[in-house]
Every structure is written in C-alpha cells, then in structure tokens.
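Following: one structure in structure tokens, then a few remarks.
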Amino acid sequence: MTSIVKNLENEQATVAMGQIVAQGLTPPLTIFLTGDLGAGKTTLSRGIIQSLGHNGAVKSPTYTLVEPYEFNGFDVYHFDLYRVADPEELEFMGIRDYFNSTSICLVEWPEHGQGMLPAADIHLHLRYKDNQREIEINALSASGQAILTKLK
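The sequence shown begins at 0 in numbering that gives the first Met the number 0 and counts up by one.
Printed below as a string of structure tokens:
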C-alpha cells in the first residue's frame, strides 16, 4: 500500500485538495473517506464533486444516506453512513446497485457499512493536526495507485 500525507491549512485548502484528487478519477471507483466528526470529509467531497462538473451545492448526505450526482457518461454517489446502526440496513436501500461500472462512489464512515461495501480503490483519511487538518491518501488498488501517482 502506497500513501502520501499532506497538510490542509483551512477549508479552502481542503476543497482544493478535493479538486486535485478529482483530476485523476474515472469510473468505476470506490473512495473511502474517514476521520473524526468535523475533520473535513464532506468539504473534501464537495471539492471532488464540483471539480467533476457539478455547479450546485453539495449537501452532506447524513440524513438521506446518499446524494446522487449525474454527469455526462458517469454518476457520482456521495454516501454518509454515520447514522447506519447495522450494515444490513444498506441491503434494503440496494447499496450494491450504486457500485457499478459507470459510478464513482464517495463513502464517508465506511466502517458503518462493513461487509456490505466493495473494497476501496483509495482511502482518504482526514485528521486534526494542531489548528489545521492533515490528509493521508492510501492507494488500495491499481486504480488507486494511478490516482496517487498523479498526486505526487
């Protein structure tokens, strides 16, 4: 597993990192985003989704579990599994249907869906570091490694 670590000094730097990550994304792709509450997972997702071409707001899917974004030739599904008490709940929403050959899936709190989610291609872990944030990006597949190579 290959990884890189970068400092994110503020919200704008987090959005900018999402824009940089987005440059290498092509479906099918599964991205796990982990970190404490408020660490910047949704902010990073906003940078990714807007950089891919979405012009509107990017809302946190905390209550809906998933927010879909349609693009020309592919879809992005932004999941927030924080409120999932039992991974079995995901089966009822048809979780497996979202992970297909034309989708990029961003999954916040993937540990809440353990056993129901496919393996991640790339893992973005955000953590607090003093008054800033730090992101660790880990490649977990050949697709993830290609993205990481572009980021270095």
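Ideal Cβ positions, reconstructed from N, Cα and C, are used throughout, including at glycine.
Residues sharing a beta bridge with residue i, DSSP
i, result
"Lys128", "Gln131"
"Lys151", "Answer is none; Lys151 lacks a bridge partner."
"Ile121", "Ile30 and Ala138"
"Glu107", "Leu32 and Asp79"
Extent of the continuous alpha helix (DSSP H) run through residue i
i, result
"Glu10", "Glu10 to Ala21"
Coarse secondary structure for residue i, derived from DSSP in three states
i, result
"Ala138", "strand"
Delimiting residues of the beta strand (DSSP E) encompassing residue i
i, result
"Leu116", "That residue, Leu116, is in no beta strand (DSSP E); it is neither H nor E in DSSP."
"Asn6", "Thr1 to Leu7"
"Ser100", "Neither: Ser100 is in no beta strand (DSSP E) and is coded neither H nor E."
Between the CA atoms of residue j and residue i - distance to the nearest angstrom
i, j, result
"Asp85", "Gly52", "33 Å"
"Phe31", "Gly143", "11 Å"
"Thr101", "Glu69", "10 Å"
"Met115", "Arg95", "8 Å"
"Val170", "Gln113", "Outside the displayed span of the chain (0 to 151) sits residue 170, for which this structure offers no information."
Length-filtered (3 minimum) beta strand (DSSP E) runs lying within the region 26–97:
28–33, 65–70 and 73–79
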